[in-house]
Amino acid sequence: ETGVTQTPRHLVMGMTNKKSLKCEQHLGHNAMYWYKQSAKKPLELMFVYSLEERVENNSVPSRFSPECPNSSHLFLHLHTLQPEDSALYLCASSLGQGKETQYFGPGTRLLVL
Amino acid sequence: SQQGEEDPQALSIQEGENATMNCSYKTSINNLQWYRQNSGRGLVHLILIRSNEREKHSGRLRVTLDTSKKSSSLLITASRAADTASYFCATLYSGYALNFGKGTSLLVTP
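Protein chains in written order, with my numbering: chain A, 5 to 117; chain B, 151 to 260.
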């Protein structure tokens, strides 16, 4: 248990659906991250939030929309996804932006049909 | 862009043996980290080694860093079945985000 939780753990959605992934950290950290992990590929950084402000949007398609209402919560809103978006989506947090060690949640396994 | 590159991609050993995996990177770093990921789960931080350190130990883990060769190695001694996982090295880039390699998949059989 790393202190970072993610819900749901598994999600199946159609290409026309709208869904949201939720991440919550109980560590008092100020930076939060979304990563995408596809089969046979390295982890890809998607978004970085520091003190609730987005500091990185790593050329992610607009069908992924992040939201950070406070330093403990991070959402990833999904709409009109494609089958190639099927992957494990990992949330992480760190003490501050660039503060070395990141703590990861268990991930949401997403399948887009 | 991808920074770390682990080698080998897959490693299979028996319990009690040592497992060694390597990581190469491309640019200057402040530190290098190793993470472990059990199948389909989140990553767990194992150890961090700073650029001015050459070797670091944590339990059965030993990490070395050679900045002249831009490489690091992770040694797991006396492997157990529970060590079966994927292992990633990561370096910090852009000041705040970690850059991961594709990982080494370790299988430890009883």
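By construction, the Cβ of each residue, glycine as well, lies at the ideal position given by its N, Cα and C atoms.
- Nearest neighbour of Val-59 of chain A by Cα position, chosen from A:Thr-112, A:Leu-114, A:Ala-35, A:Lys-26, turns out to be A:Ala-35.
- Residues of the segment 17 to 37 of chain A with a Cβ closer than 9 Å to any Cβ of chain B, in chain order: Ala-35, Tyr-37.
- With respect to chain A, the C-beta atom of Leu-161 of chain B has no partner C-beta closer than 7 Å.
- In the three-state DSSP reduction, Glu-155 of chain B falls in the strand class (E or B).
- In the three-state reduction of the DSSP assignment, Ala-169 of chain B falls in the strand class.
- With respect to chain B, the C-beta atom of Val-52 of chain A has a partner C-beta closer than 7 Å.
- Pairing Ile-199 of chain B with Phe-68 of chain A, the inter-Cα distance amounts to about 34 Å.
- Counted as a single uninterrupted DSSP element, the beta strand (DSSP E) harbouring Pro-73 of chain A occupies residues 68 to 74.
- With a beta-carbon spacing of about 18 Å, Glu-165 of chain B and Ser-236 of chain B fall beyond the 8 Å limit used to define contacts.
- Using a CB distance cut-off of 7 Å, Thr-105 of chain A counts as an interface residue toward chain B.
- For Arg-191 of chain B, the nearest beta carbon of chain A is closer than 7 Å to its own beta carbon.
- The Cβ atoms of Arg-204 of chain B and Ile-226 of chain B lie no closer than 7 Å to each other.
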